[in-house]
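In the UniProt record's numbering, the protein residues as written are 1 to 269. All C-beta atoms, glycine included, are put in the ideal place defined by N, C-alpha and C.
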């Protein structure tokens, strides 16, 4: 399995956290199952080889898109692929979505629309360019040009809300949101409305999701107990940590950190 991340240009670094690539050779006898966890950021996804099927239940599996958007989410999803695959992803701050798609971020929360549905003919053209690109470096070049033009055309500055969202991410969900709201010179109601429009969730839920995501970075550190992970990531106690982890991943953290978790192979790279 091949997994790598690519840093965005300085022009895009305020909107794109990274580009990423995941490739592997699989077959029907040994398929790959991928689990997407809850995340406070969104992703543009391009399956330039084989599209995945989404697993809704044991008897309900449907083919997913060739290209689309995974909105910021409080849910987990499961996908399966039985042939060689290649995925190119764009990991976006949630406040980039209104500038790219002319839709408030909260309307895309927990949603997974395909690009042609989301963007019409523009989405079809972008999908075709990314699919036909010969290398991932070329894909980065294509998508970077597209994103820069979109953002330059539609951008409007919301310093208080953008900085609060970034601060929550940078502090792994431990930032004092109430204090930051007071420093924004907005009323609590105005602040929460703007925050949800650009992050997709209320400040409290968003902080919980980001804190959960921070625990995933502990994967591979077998020396730490669940209690140590919980306290390091800002949880009051282990039971609080386990509750959130199960809600946002569908797995018990003990199983996830065992190294045998479903769809975690790329984390071993």
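Does any residue of chain D bring its CB to less than 8 Å from the CB of residue 152?
In summary, chain D is missing from the structure at hand, where a single protein chain is found.
From which residue to which residue does the alpha helix (DSSP H) around residue 243 run?
In the chain shown, counting from the first residue as 1, residue 243 sits at position 243. Segment 238 to 249, the alpha helix (DSSP H) holding residue 243.
Less than 8 Å separating the beta-carbons of residue 78 and residue 28?
Locating residue 78 in the chain shown gives position 78, where the first residue counts as 1. Locating residue 28 in the chain shown gives position 28, where the first residue counts as 1. Cβ distance not < 8 Å, so residue 78 and residue 28 don't count as in contact.
Cα separation between residue 176 and residue 18?
Position 176 of the chain shown holds residue 176. Position 18 of the chain shown holds residue 18. Straight-line spacing of the CA atoms in residue 176 and residue 18 works out to 26 Å.
Buried or exposed for residue 240, going by 16 or more other Cβ atoms inside 10 Å?
By 1-based counting over the chain shown, the position of residue 240 is 240. Under this definition residue 240 is an exposed residue.
Taking 8 Å as the cut-off, decide whether the C-beta atoms of residue 199 and residue 165 are in contact.
The count along the chain shown starts at 1 and reaches residue 199 at position 199. The count along the chain shown starts at 1 and reaches residue 165 at position 165. Their beta carbons are under 8 Å apart, which means residue 199 touches residue 165 by this criterion.
Which word fits residue 271, buried or exposed, when buried means at least 16 other C-beta atoms lie within 10 angstroms of its C-beta?
Here the chain covers residues 1 to 269 and nothing more, so residue 271 does not appear.
My output table needs one value for residue 23: the three-state DSSP class, helix, strand or coil.
Translated into positions along the chain shown, residue 23 becomes position 23. Strand.
Counting Cβ pairs closer than 8 Å, one from the segment 187 to 207 and one from the segment 247 to 267, do we hit at least three?
no
In whole angstroms, give me the CA-to-CA distance for residue 87 and residue 197.
Taking the first residue of the chain shown as position 1, residue 87 is located at position 87. Taking the first residue of the chain shown as position 1, residue 197 is located at position 197. Roughly 29 Å separates the two Cα atoms.
Round the Cβ separation of residue 257 and residue 219 to the nearest angstrom and send it over; I've been treating them as touching at under 8 Å.
Counting from 1 along the chain shown, the entry for residue 257 is found at position 257. Counting from 1 along the chain shown, the entry for residue 219 is found at position 219. Right, the Cβ-Cβ distance comes to about 6 Å (below 8 Å), so this counts as a contact.
With a floor of 4 residues, list each alpha helix (DSSP H) that falls wholly inside the UniProt domain "HTH araC/xylS-type" (159 to 259), ordered by position along the chain.
159 to 170, 177 to 183, 188 to 199, 203 to 216, 226 to 232, 238 to 249
Are the Cβ atoms of residue 130 and residue 46 separated by less than 8 Å?
Here residue 130 refers to the residue found at position 130 when the chain shown is read from its first residue. Here residue 46 refers to the residue found at position 46 when the chain shown is read from its first residue. For residue 130 and residue 46, yes; Cβs fall inside 8 Å.
Using a Cβ-Cβ cutoff of less than 6 Å, which residues in the same chain neighbour residue 162 once the five nearest sequence positions on both sides are dropped?
Sequence index remark: in the chain shown, residue 162 carries index 162 (1-based). Answer for residue 162: 95, listed in chain order.
Who are the Cβ neighbours of residue 192 in its own chain at under 7 Å, not counting the five residues just before and after it?
Stepping through the chain shown from its first residue, residue 192 is reached at position 192. Excluding residues within five positions, the ones whose Cβ falls inside 7 Å are 202, 203.
Is it the case that the CB of residue 193 approaches a heavy atom of the ligand FAD more closely than 7 Å?
Annotation note on the ligand FAD: not contained in the displayed structure, which lists no ligands.
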